[in-house]
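Q: Residues 5 to 406 (the numbering used here) make up the sequence shown, in order. Heads up, the beta-carbon is just placed ideally off N, CA and C, and yes, glycines get one too. Given the structure is predicted, the values throughout are model-derived calculations rather than measurements.
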Amino acid sequence: MASENTSRDTTEDSTSRVPAAAGVRDVAVEDLPAHARLLLKMARLRLSPDDLAEIRGLADSPNLNWGAFIEAAAWHKMLPLVGRHVDRYRLDRKAGGSAGFPYPWVFVGAYLANRTRNQALADEFGRVFAELSAHGLRFAVRKGFSLGEGEYHDPALRRIADLDVLLDRGDAPAAHEVLDRLGYTQGEVAEGGERIEPYSRETQLFWKVNLSNQLPYRKPGGRPDITDFNVDICHDIFQKKTGISVGAAKLLDRAVPVVLCGAPAWAPAADDRLLDLCSHLHKEAVSLHFVEGKQDLQLSKFLDLSLVAEATGEDAWRQFLKRVDEVGAGEIVYYALHFTAVLYPESVPAHVLDAVRPDDTDYLEHYGTLDGQPVRWQQGFLQRLFNSGRHTAGTVSNVPLR
5 MASENTSRDT TEDSTSRVPA AAGVRDVAVE DLPAHARLLL KMARLRLSPD
55 DLAEIRGLAD SPNLNWGAFI EAAAWHKMLP LVGRHVDRYR LDRKAGGSAG
105 FPYPWVFVGA YLANRTRNQA LADEFGRVFA ELSAHGLRFA VRKGFSLGEG
155 EYHDPALRRI ADLDVLLDRG DAPAAHEVLD RLGYTQGEVA EGGERIEPYS
205 RETQLFWKVN LSNQLPYRKP GGRPDITDFN VDICHDIFQK KTGISVGAAK
255 LLDRAVPVVL CGAPAWAPAA DDRLLDLCSH LHKEAVSLHF VEGKQDLQLS
305 KFLDLSLVAE ATGEDAWRQF LKRVDEVGAG EIVYYALHFT AVLYPESVPA
355 HVLDAVRPDD TDYLEHYGTL DGQPVRWQQG FLQRLFNSGR HTAGTVSNVP
405 LR
């Protein structure tokens, strides 16, 4: 798609508050390629007049590769948001000396298509909520529509892959029966895309012993825009290998009632929700499975956390810090908030970062830690954020998926 390959970017990060890997030169945002700077500027819900002027200037840059921009926006799950901006701010129109964005139908079409797709997901997942409730099962919705209908105020802006729910492990058999009646199977989509192949017993045993999630429940979507409906049940917001545990039962005791996907549901309490987002971001950023799939670092995850953090008031931050101290999750929380503040410095108060910053921050430059194969990154944060070839260590995830 592009002559400027995102997997060959050689720029690095100088905006983080700790040194990058030894021997790696830090650079500033302005040293990133034009397509990366443009995406970073557009990765916000609201754009100021100054933002729009800078966006138009970057769009007119002779160094901007539109193919690389589209690829990066898709990879970081930002295409729907970019499309909304192109439409709302008329970025495809000429203004002053600016020629405007090319291919507006690509960007706006992605936004409108995501609206249609997410409505279909909401219809399906609303039925799941209703059935779980009808059978007396306690659950709480994580991420996904909780954010889309909440902080984003427009579900079409956020690409939603699955339904993430908290459920007590003791209720897993009953939830299995509910999902089975709704047509779900724990398995992966077959090559033809029209059926679900159950996971092997070996895979089921590995997940039960080593991970805090059930294997995904899937059923064919039967639509061009939805390969499958996916329900991901989580019993603990921390992975077992972190040595930290906050089980679903305790979280559900503190959950609050909400309406999502047009149905009554529950969401984690505010401090638990923020803690969950931090844990989720950290897990995917350092796990080889997500690194190998190039899903470890995506702007969408940092935007999720920044929106929730930005809406957190001073009293809520105090409660959150108390909660972090209670569960002993300081390092994980600092990891997530630190890198979020690199991209969205206004969203995380400095005193919050100071409160959770550990004495030794070298771990920020490592990944593979949850796999027992720690490796040091050879690039700074911003460089690897836009470098799809960042995983060069040769280590391989041992999590089975078949």
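Can you check the segment 51 to 80 for any beta strand (DSSP E) of at least 3 residues that lies completely inside it and give the ranges in chain order?
A: As far as the segment 51 to 80 is concerned, it has no whole beta strand (DSSP E) run of at least 3 residues.
Q: Does the beta-carbon distance from residue 209 to residue 167 come in below 9 Å?
A: If you number the sequence shown from 1, residue 209 lands on position 205. If you number the sequence shown from 1, residue 167 lands on position 163. It is not a contact, given that the beta carbons lie outside the stated cut-off.
Q: Output the residue ranges of the beta strand (DSSP E) runs that lie fully inside the segment 260 to 293 and measure 3 residues or longer, sorted by chain position.
A: The qualifying runs are 260 to 264 and 267 to 271.
Q: For a test of the three-state rule: what should DSSP assign to residue 352, helix, strand or coil?
A: Locating residue 352 in the sequence shown gives position 348, where the first residue counts as 1. Note: residue 352 maps to coil in three-state DSSP.
Q: Looking at the unbroken beta strand (DSSP E) that takes in residue 107, where does it start and where does it end?
A: Here residue 107 refers to the residue found at position 103 when the sequence shown is read from its first residue. First-last for residue 107: undefined, no H or E at that position.
Q: Return the first residue and the last residue of the beta strand (DSSP E) that residue 391 is part of.
A: On the sequence shown, residue 391 is found 387 positions in, with the first residue counted as 1. It is not in any beta strand (DSSP E) - residue 391 carries neither H nor E in the DSSP assignment.
Q: Quick check on DSSP: helix, strand or coil for residue 237?
A: Counting from 1 along the sequence shown, the entry for residue 237 is found at position 233. Of the three classes helix, strand and coil, the one that applies to residue 237 here is strand, per DSSP.
Q: Going along the chain, which residues of its own chain have a beta-carbon closer than 7 Å to the beta-carbon of residue 155, five neighbours each way excluded?
A: Locating residue 155 in the sequence shown gives position 151, counting from the first residue. Once the five neighbours on either side are set aside, the close Cβ partners of residue 155 are 311, 312 and 315.
Q: Could you check the C-alpha separation between residue 256 and residue 203 for me, to the nearest Å?
A: Walking along the sequence shown from the start, residue 256 turns up at place 252. Walking along the sequence shown from the start, residue 203 turns up at place 199. If you take the alpha carbons of residue 256 and residue 203, they lie about 29 Å apart.
Q: Assign residue 37 to buried or exposed, taking buried as 16 or more other Cβ atoms, counted over all protein chains shown, within 10 Å of its Cβ.
A: As a first step, residue 37 must be located in the sequence shown, where it is residue number 33. Residue 37 comes out buried.
Q: Which one of 111, 85 and 84 has the shortest CA to CA distance from residue 96?
A: By one-based count along the sequence shown, residue 96 stands at place 92. Nearest C-alpha to residue 96: 111.
Q: Quick one: Cα of residue 260 to Cα of residue 72, how far?
A: Along the sequence shown, one-based indexing puts residue 260 at 256. Along the sequence shown, one-based indexing puts residue 72 at 68. Approximately 42 Å between the Cα atoms of the pair.
Q: Using the beta-carbon count (16 or more within 10 Å), is residue 75 buried or exposed?
A: Here the question's residue 75 lines up with position 71 in the sequence shown. Its Cβ being crowded by 16 or more others within 10 Å, residue 75 is buried.
Q: Going by other Cβ atoms of all chains shown within 10 Å of its Cβ, with 16 needed for buried, is residue 65 buried or exposed?
A: If you number the sequence shown from 1, residue 65 lands on position 61. Result: exposed.
Q: How would you write the range of the alpha helix (DSSP H) that residue 344 sits in, first residue to last?
A: For this step, residue 344 is matched to residue 340 along the sequence shown. Unbroken alpha helix (DSSP H) run through residue 344: 334 to 347.
Q: Note down the Cα distance separating residue 39 from residue 55, rounded to an integer number of angstroms.
A: One-based indexing of the sequence shown puts residue 39 at position 35. One-based indexing of the sequence shown puts residue 55 at position 51. About 15 Å.
Q: What do you get for residue 52, buried or exposed, if any count of 16 or more other CB atoms within 10 angstroms of its CB means buried?
A: The residue given as residue 52 occupies position 48 in the sequence shown. Answer is exposed; the Cβ neighbour count stays below 16.
Q: Taking contact to mean 3 or more Cβ pairs, one atom from each stretch, closer than 8 Å, check whether the segment 186 to 196 and the segment 147 to 163 are in contact.
A: As far as the Cβ criterion goes, the segment 186 to 196 does not touch the segment 147 to 163, which means the pair count is below three.
Q: Tell me, please, which residues DSSP counts as bridged to residue 254.
A: Within the sequence shown, residue 254 is the residue found at index 250, counting from 1. DSSP output for residue 254 lists no bridge partner at all.
Q: For residue 330 and residue 279, what's the separation of their Cα atoms in angstroms?
A: Locating residue 330 in the sequence shown gives position 326, where the first residue counts as 1. Locating residue 279 in the sequence shown gives position 275, where the first residue counts as 1. Near 12 Å, if we compare the C-alpha coordinates of residue 279 and residue 330.
Q: By Cβ distance, which residues of its chain are closer than 8 Å to residue 186, with the 5 residues on each side in sequence left out?
A: Within the sequence shown, the letter at position 182 stands for residue 186. These residues qualify, in order along the chain: 131, 132, 135 and 223.
Q: Is residue 2 helix, strand or coil by DSSP?
A: Because the chain spans 5 through 406 in this model, residue 2 falls outside it and cannot be assessed.
Q: Whether or not the segment 288 to 299 and the segment 244 to 254 are in contact is what I'm after, with contact meaning three or more pairs of Cβ atoms, one per stretch, closer than 8 Å; do they touch?
A: No, the segment 244 to 254 does not touch the segment 288 to 299.
Q: Could you give the first and the last residue of the continuous beta strand (DSSP E) run that contains residue 190?
A: Indexing the sequence shown from 1 puts residue 190 at position 186. Unbroken beta strand (DSSP E) run through residue 190: 189 to 193.
Q: How many angstroms separate the CA atom of residue 281 from the CA atom of residue 233?
A: The residue given as residue 281 occupies position 277 in the sequence shown. The residue given as residue 233 occupies position 229 in the sequence shown. If I take the Cα positions, the gap works out to 22 Å.
Q: Tell me, please, which residues DSSP counts as bridged to residue 206.
A: Reading the sequence shown from its first residue, position 202 is the one you call residue 206. For residue 206, which the question treats as bridged, DSSP gives no partner whatsoever.
Q: Let me make sure I understand the geometry here. Which of 147, 271 and 225 has the alpha-carbon closest to that of residue 283?
A: Here residue 283 is taken as the residue at index 279 of the sequence shown, counted from 1. If we check each option's Cα against that of residue 283, 147 comes out closest.
Q: Beta-carbon within less than 6 Å of residue 27's beta-carbon, same chain only, minus the 5 sequence neighbours each way: which residues are those?
A: As a position in the sequence shown, residue 27 is number 23, starting the count at 1. Its pLDDT being 39, under 50, residue 27 is placed unreliably by the model, and the measurement read from it follows with that caveat. Answer for residue 27: no residue qualifies.
Q: Determine whether the beta carbon atoms of residue 116 and residue 160 lie at a separation below 9 Å.
A: Taking the sequence shown and counting its residues from 1, one reaches residue 116 at position 112. Taking the sequence shown and counting its residues from 1, one reaches residue 160 at position 156. In contact: residue 116 and residue 160 (Cβ atoms closer than 9 Å).
Q: In terms of alpha-carbon separation, which member of 82, 228 and 274 lies closest to residue 323?
A: As a working note, residue 323 is residue 319 in the sequence shown. When each option's Cα is compared against that of residue 323, the closest is 274.
Q: Cα separation between residue 381 and residue 288?
A: Locating residue 381 in the sequence shown gives position 377, where the first residue counts as 1. Locating residue 288 in the sequence shown gives position 284, where the first residue counts as 1. Approximately 15 Å between the Cα atoms of the pair.
Q: In the segment 89 to 169, which residue ranges form an unbroken beta strand (DSSP E) of at least 3 residues, counting only runs that do not cross its ends?
A: For the segment 89 to 169, whole beta strand (DSSP E) runs of length 3 or above, ordered along the chain, are 144 to 146.
Q: Within a Cβ cutoff of 6 Å, which residues of the same chain sit near residue 266, ignoring the five residues on either side of it in sequence?
A: Position 262 of the sequence shown holds residue 266. 130, listed in sequence order.
Q: Take residue 33 and list the residues in its own chain whose beta-carbon comes closer than 7 Å to its own, dropping the five residues that flank it on each side.
A: In the sequence shown, counting from the first residue as 1, residue 33 sits at position 29. The residues are 19, 41, 44 and 386.
Q: Considering only their Cβ atoms, is the gap separating residue 333 from residue 390 smaller than 9 Å?
A: Translated into positions along the sequence shown, residue 390 becomes position 386. Translated into positions along the sequence shown, residue 333 becomes position 329. Not a contact, by the Cβ cut-off of 9 Å.
Q: Where do the N-terminal and C-terminal ends of the alpha helix (DSSP H) with residue 46 fall, by residue?
A: For this step, residue 46 is matched to residue 42 along the sequence shown. 38 to 46 is the extent of the alpha helix (DSSP H) around residue 46.
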